[in-house]
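Asks: Residue numbers (the working numbering): 7 to 95. Even for Gly, the Cβ is constructed at its ideal location relative to N, Cα and C. Only a predicted model underlies this, so the values are computations on that prediction, with no experimental measurement involved. Got a structure for you, questions after.
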């Protein structure tokens, strides 16, 4: 999603209509869950799904800082983020 405001409702619904049998959608972002687009547009993402589909978050846990500050921890979080997004575990 390139534009968050105004939210592209028609475009989003058109994409969802292409995949009517999908049960889970994944929102993946590198920012912590309390930062970035997830926190701001989750209500827009959920609204058209109803009870048919669920939306999952793949990304870093909530944090006061946008970066962890340690390279080794960053690499571990990045690996976990990719595994979550691609459902590798």
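Residue 22 to residue 54, Cα distance in whole Å?
Replies: Rounded to the nearest angstrom, the two C-alpha atoms are 9 Å apart.
Asks: If you check the beta carbons only, do residue 62 and residue 28 fall under 8 Å apart?
Replies: no
Asks: Taking Cβ to Cβ, would you say residue 74 is nearer than 8 Å to residue 83?
Replies: yes
Asks: Taking DSSP as the reference, what is the three-state secondary structure of residue 21?
Replies: helix
Asks: In chain order, what residues of the same chain have a beta carbon less than 8 Å from the beta carbon of residue 60, not counting five sequence neighbours either side?
Replies: 29, 30 and 31
Asks: For residue 76, write down the residues that DSSP places opposite it in a beta bridge.
Replies: Answer is none; residue 76 lacks a bridge partner.
Asks: Nearest to residue 18 by CA position, among 47, 72 and 40, is which residue?
Replies: For the set 47, 72 and 40, the Cα lying nearest the Cα of residue 18 is the one of 47.
Asks: Helix or strand or just coil, what does DSSP make of residue 63?
Replies: strand
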